[in-house]
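Numbering (the working numbering), first residue to last: 1 to 880.
All remarks here apply to the structure that follows.
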Amino acid sequence: MQKTFIALCILNLVLFSCKEEATSAESAENTEEITFNLPEGFVLEDLYQPSANEQGSWVAMAQGPKDIIYACDQYGKIYYFKAPAIDQTLQPEDVMPLDLEIGEAHGLHWSHNSLYVAVNKRWNDDVPDNQEVGSGIYRITDNNHDGMLDKVEMLLKLDGAGEHGPHSFVTAPDGKEIYFIAGNHTLVPDKVKENSRLPTNWGEDNLFEPYLDARGHANDIKAPGGWVCKFNPEGTEWELISAGYRNPFDIAFNEDGELFTYDADMEWDIGMPWYRPTRICHVTSGSEYGWRTGSGKWPAYYPDALPAVHNLEQGSPTAVLSGAELDFPGSYKNGIFVMDWSFGTLYFADLKPQGSSYTAERKEFLSGTPLPLTDMIAGADGHLYFASGGRRIDSHLFRLRYTGSDSKERPAVSNQEAEQLRALRQRLEAFHTTQSPEAIALSWENLDHPDRFVRYAARIALEHQPVAQWFPKFLAEKESKKIIEASIALARQGDNTMQSKILQKLRPITLETQLEEQQLNMLRSYELLFIRMGAPSPNDKIATAKKLNAYFPHMRDEMNRELGQLLLYLEADGVTEKLVALLERHTQEGTARKSEFLSEEITERSEQYGPLIREILDKMPPTEAIYYGVLLSHADTGWTTDAREKYFAWFYDVLNSKGGLSFKPGMENIRLAAMKNVPDTEKDYFQELSGVYSPETAIADLPQPIGPGNEYGGREIGQLVWGYELADYQVDYDKGKRAFQAGMCILCHRIKGEGAGVGPDLTQAHTKFNNYEMLFATYSPNDEISDQYANTLFHLKDGKKISGRIKSETEETVTLMPNPFNESYIVDVVKTEVSKRELSPLSPMPSGLLNRLNPKEIKDLFAFLQAGGDAGHEVYSQGK
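Here's what the structure looks like:
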């Protein structure tokens, strides 16, 4: 790789925020050189800096006619210009804004003599649609044929905005239709849903209620998540193609005419068993990729979804581009380029046929520090044009040219088997829109096909056919693989009167007679039958539990996960203790998925995201164990005292590791949920075991909450404090002081000299921390614990743990005060019985204290904290 240096890029990239950015664009003031790593034989030119010329931060580009290029500021206008000659740069006068009231686009695309625009802007409910340009797909044309775009027509209104909103376009290889992609905060419009290649009776499809993100991200977003559709140039015909993504930003066809996207991870989930890294997905007809909110994300092995072509690591996916469009060496022709914004890296994925789909060999093609990559296009000259910027930060336009001598012809490769399998898959996909006896015959023939994408296409084709026409075939079927696959289709499309008959067909099929993939498929078919059709009859429940319990625990982790949740759902004998044993085993093994993480070299490219990833690698969570910790939070029977002691002590281990931003508050939510299953007579014991003490003995002299309280999440608290729900509520100093007492904050914290000194003094907290940090320090006290106020955790040789503040210490013993609300309660720990001591990962401050307060009390409390207990603070004079 070559190294080169180009000046002027913003020094500090802004951190992700749940709030929208400021309302006016700003140019960067602090700049530094970009350090580039370039591929051999390429020349890079810095053509223009829009942010330095008050033209915003460019996030979308399109190659237009006659060498014209279009670009759009994320929060501003659409601009157009002609690509400069080689070794020339653009001047401000060369870059002109479209004289039209449209902008804020995440996607631009020139096709059919029109500029298609994906506007990403929240609609104002107070303004009529015909007087505003909000989120939607628009077509801009030259109505009077004077060479200037002058007519804006909305083709499709969209409900969704922000960085997970409407995104990008690509024209189909035959040029007849246009494909569009949207993130998971964009609802599928009815006009698109009416013609869908994937069945629209989608659901979360989790056997147990998922845990929502502890910080509130996407908590109200349900299936199908991000989606892909296609439409005709006039926007009169729409068809849903694929769904189940988180936030894919762009799409591209490879030279074989197959469509691909690059989907985002949820970095706040890092360390959790449902975390998935960024991934390249093959967008096939009717495909589903299993994104679900919170902990509900499907593992890649679920047969009702499809696996990624290639998993990358952490990042913020932006543009995708086919190598076939570029005047690059032939080795790039059948692959795709994908951009990562966070770590300034452009990857090349060399797509290799694998059955009817692909796998990919990925390499780093280009990188820069700092280089927030936003979009790229193939210019009319075959060169690569790409932009950096986004989120109002410093923005550049670059051009990358190949000047080497390698051949630009694609190497001749013939893979007849792959071509035949793709053709078979496409034959099946043709029945994703039609009903026909031929569809049933062809689908049934391929339900047991060894190729997963073919098998999936066959099942989706079958699901589009009337169930009554193929249910008799299922009842007569002898082949186990077809029975399993058809059971999945029936669970999704049949009714609960069929459940017992389906279970009877599955019962004789033993796991040991099936291939590994089919074993998991069969377990998933059981799950879907219970999720979609309800609890089985008592006889079916007993018979299924007995059959599956014989295989648990299994030698394979994936099998244990699915068997574990099925057996817990079926209340099988001994399942709780078996799950606790697996929890212990995987905690001791420390199973972690380090292969899902970036190299240290790449993390150094981001001052914001890199340090977090390095911290996680240093203190990796026991990810496999966490799966069982989450599952056991749903167990309300089968507990012994010993099993519960092991389980609740385990939270010390997991909270002593490092994960994404939602990791610790998420684990605390899981611990609190598990505590609800503990009998009332035992709650105090198990709370103390896990380092949480009831403050009841200390609150006799405090005012009681007005209530009623609720179980608030981080997002709900944020909405109460800063949202519209209580926007007109007048906060009051006296009410805030009362809430500080009723919420029991005063038992540990001082403010203006009033309160206890167990925790930090909060008088100046508002000058050191922003509102967001203060909110989550209150909602999730385990996130960051100052060494000054942390308890000490003692690991005893008998496996037990105890934590508290050290009151005194001799050569033989340590005297602890475990209960922050009762300093007279002490425990002596004999040093010879201690195997290790460390700072406790559990805060002395209990979680859920705000749950006792009503919404107005919470708003008053945060105003009191924001004011530092000062009645004369502006928060009261402004009434906010």
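We put the beta carbon where it would ideally sit given N, CA and C, even for glycine.
Every value quoted in this text rests on a predicted model; they were computed, and no experiment measured them.
Secondary structure note for residue 239: its beta strand (DSSP E) is the uninterrupted segment 238-245.
Judged by DSSP secondary structure, residue 525 falls within the alpha helix (DSSP H) whose first and last residues are 516-533. CA-CA distance, residue 207 to residue 718, rounds to 30 Å. One thing to note: residue 251 has its Cβ no nearer than 8 Å to the Cβ of residue 178. In terms of Cβ geometry, residue 835 and residue 691 do not form a close pair [threshold 8 Å]. Check the Cα spacing between residue 606 and each of 277, 370, 441: the tightest is with 370. Nearest in C-alpha terms to residue 447, of all of 466, 436, 424, is 424. With a minimum length of 3 residues, the unbroken runs of beta strand (DSSP E) contained wholly in the segment 141-190 fall at 151-157, 166-171, 178-182.
Assignment of residue 620 by DSSP, reduced to helix, strand and coil, places it in the coil class.
Between residue 279 and residue 347, the alpha-carbon positions lie close to 12 Å from each other. With a cutoff of 8 Å on beta-carbon distance, residue 483 and residue 286 are scored as not near each other.
Here residue 96 has 79, 80, 81 as same chain residues with Cβ atoms under 8 Å from its own Cβ, once five neighbours each way along the sequence are excluded. Between residue 748 and residue 820, the beta carbon gap of about 6 Å places them in contact (Cβ cut-off 8 Å).
Setting aside the 5 residues that flank it on each side, residue 735 is surrounded in the same chain by 860, each with a C-beta closer than 7 Å to its C-beta; the list follows chain order.
Judged by their CB atoms, residue 212 and residue 201 are not nearer to each other than the 8 Å cut-off. C-alpha of residue 721 to C-alpha of residue 271: approximately 29 Å in a straight line. In the DSSP assignment, residue 62 falls outside any alpha helix (DSSP H) and within the unbroken beta strand (DSSP E) covering 58-63. If you draw a straight line from the Cα of residue 426 to the Cα of residue 413, it comes to about 21 Å. DSSP, reduced to helix, strand and coil, places residue 795 within a strand of the structure shown. The beta carbon of residue 215 sits closer than 6 Å to the beta carbons of 662, 714 from its chain, once the five residues preceding and following it are set aside; these are given in chain order.
Inter-segment contact for the segment 378-391 and the segment 53-64 is present: three or more beta-carbon pairs are separated by less than 8 Å.
Distances from the CA of residue 320 to each of 386, 600, 421 were compared; the closest alpha carbon is that of 386. A Cβ-Cβ contact shorter than 8 Å links residue 259 with residue 283.
Just so you know, the alpha carbons of residue 153 and residue 140 end up roughly 6 Å apart. Across the set 151, 136, 137, the C-alpha of 151 shows the shortest separation from the C-alpha of residue 143.
Pairing residue 705 with residue 852 gives a Cβ-Cβ distance under 8 Å. Counted as a single uninterrupted DSSP element, the beta strand (DSSP E) harbouring residue 336 occupies residues 336-340. Look at the beta carbons and you see the segment 797-814 not touching the segment 762-779: under three pairs across the two are nearer than 8 Å.
Just measuring C-alpha positions, the residue of 677, 401, 379, 375 sitting nearest residue 636 is 677.
The Cβ atoms of residue 756 and residue 750 lie closer than 8 Å to each other. If you check the CB distance, residue 517 and residue 410 do not come in under 8 Å. Each residue's CA atom was taken as its position, placing residue 350 and residue 261 some 14 Å apart.
Residue ranges of uninterrupted alpha helix (DSSP H) with 4 or more members, entirely inside the segment 696-744 and ordered along the chain, are 714-722, 733-742. Here residue 45 really is in contact with residue 398; their C-beta atoms are around 7 Å apart, less than 8 Å. For residue 205, the closest C-alpha among the options 524, 118, 86, 43 is that of 524. Annotation for residue 817: the continuous beta strand (DSSP E) segment containing it runs 813-817.
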